[in-house]
Amino acid sequence: MSSWEDAYKTVPPWDVGRPQPALVELVRAGELNRGSVLDVGCGTGENALYLARNGFSVVGVDLSDRAIASARAKAAERRLKVEFRAGNALSLEFKDDVFDNVIDSGLFHTFPDNDRPVYAREIARVLATRGRYFMLCFSEKEPTNWGGPRRIRKEEIETTFSPLFKINYIRDASFATRFHTNGGKAYLTSATKIPTKPADFFHEDSAGRYRAFFPHDDFSDS
Numbered sequence: 103m104s105s106w107e108d109a110y111k112t113v114p115p116w117d118v119g120r121p122q123p124a125l126v127e128l129v130r131a132g133e134l135n136r137g138s139v140l141d142v143g144c145g146t147g148e149n150a151l152y153l154a155r156n157g158f159s160v161v162g163v164d165l166s167d168r169a170i171a172s173a174r175a176k177a178a179e180r181r182l183k184v185e186f187r188a189g190n191a192l193s194l195e196f197k198d199d200v201f202d203n204v205i206d207s208g209l210f211h212t213f214p215d216n217d218r219p220v221y222a223r224e225i226a227r228v229l230a231t232r233g234r235y236f237m238l239c240f241s242e243k244e245p246t247n248w249g250g251p252r253r254i255r256k257e258e259i260e261t262t263f264s265p266l267f268k269i270n271y272i273r274d275a276s277f278a279t280r281f282h283t284n285g286g287k288a289y290l291t292s293a294t295k296i297p298t299k300p301a302d303f304f305h306e307d308s309a310g311r312y313r314a315f316f317p318h319d320d321f322s323d324s
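Encoded structure:
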């Protein structure tokens with residue numbers, strides 16, 4: 103049995119029974135693209151269910167069958183439509199360019215160094231052109247005396263994702279856990295997928311005109 107399956111024999115420390123406050127603020131601020139969201143490493147589904155309640159089409163993926171079973175039960179109880187499925191974030195079983203957003207709450211900081219570029223490529227692959235990636239992870243400012251996952255430096259995030267994404271920001275945030283009264287010290291990252299195919303380099307503006315842009319444009323209408 104995997105360590106993730108073991109973790110969900112009881113309530114793990116990251117399962118706080120509500121959506122992460124950082125995600126709630128993202129939704130309130132309108133930062134997510136409207137449309138579809140992949141919640142990768144969804145756990146028991148609180149973030150995914152919150153997004154569904156706010157009008158997004160959501161798919162949640164987690165390595166733990168126990169977590170997925172719990173997430174499905176919550177969705178049924180709350181009468182919310184979310185597709186929860188077991189799967190590996192390093193080999194996602196989705197076609198290319200299918201999601202408008204990907205959210206990652208506490209997954210990236212669990213990967214060893216050699217898995218990070220594999221993960222970044224998978225996220226970029228399943229995101230639509232100009233799709234948004236949002237990631238919450240523990241920062242190096244979080245004390246290590248209680249153990250837990252790796253702490254991440256900004257430079258590590260930039261090195262992993264900047265070849266495939268425009269980094270919009272990496273800012274201080276709080277990560278809610280059962281071990282923290284006011285949340286652990288974290289980074290919230292926002293990144294936009296860089297276009298790679300020739301057809302991706304044309305953007306239809308609000309007037310229905312097509313214009314070319316460069317990979318690090320902000321993709322807004324002029």
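To convert a position in the sequence shown, counted from 1, into this note's numbering, add 102.
Idealized CB from N, CA, C, for every residue including glycine.
No experiment lies behind these values; they were computed from the predicted model shown.
- Looking at the DSSP output, phenylalanine 240 bridges to Ala288.
- Apart from sequence neighbours up to five positions away, the residues of its chain that approach leucine 194 with a beta-carbon distance below 6 Å are Glu224, Val228, ordered along the chain.
- In terms of Cα proximity to leucine 192, the closest of Phe210, Ala177, Arg255 is Phe210.
- Per DSSP, valine 200 lies in no beta strand (DSSP E) and is assigned neither H nor E.
- A direct Cα-Cα distance of roughly 16 Å separates phenylalanine 186 from aspartate 117.
- Taken in chain order, the complete beta strand (DSSP E) segments of 3 or more residues contained in the segment 150-202 are 159-164, 185-188.
- Closest in C-alpha terms to alanine 293, from the list Ala124, Val161, Glu260, comes Glu260.
- By the beta-carbon neighbour count (other beta carbons within 10 angstroms, threshold 16), threonine 146 is buried.
- In the DSSP assignment, leucine 140 is bridged to Val161, Val204.
- Within 10 angstroms of the beta-carbon of proline 297 lie 16 or more other beta-carbons, which makes it buried.
- Judged by their CB atoms, valine 204 and valine 142 are nearer to each other than the 7 Å cut-off.
- Here the alpha carbons of alanine 177 and isoleucine 254 stand approximately 32 Å from one another.
- In this structure, the alpha-carbon of phenylalanine 201 lies about 10 Å from that of asparagine 135.
- Judged by DSSP in its simplified three-state form, aspartate 117 adopts coil rather than helix or strand.
- Counting other Cβ atoms within 10 Å of its Cβ, valine 220 stays below 16 and is therefore classed as exposed.
- For the pair aspartate 206 and leucine 182, the Cα-to-Cα distance works out to about 20 Å.
- Put simply, of Gly137, Ala124, Lys295, Arg174 the residue whose alpha carbon is nearest the alpha carbon of phenylalanine 158 is Gly137.
- C-alpha of glycine 285 to C-alpha of tyrosine 271: approximately 20 Å in a straight line.
- The three-state secondary structure of threonine 146, taken from DSSP, is coil.
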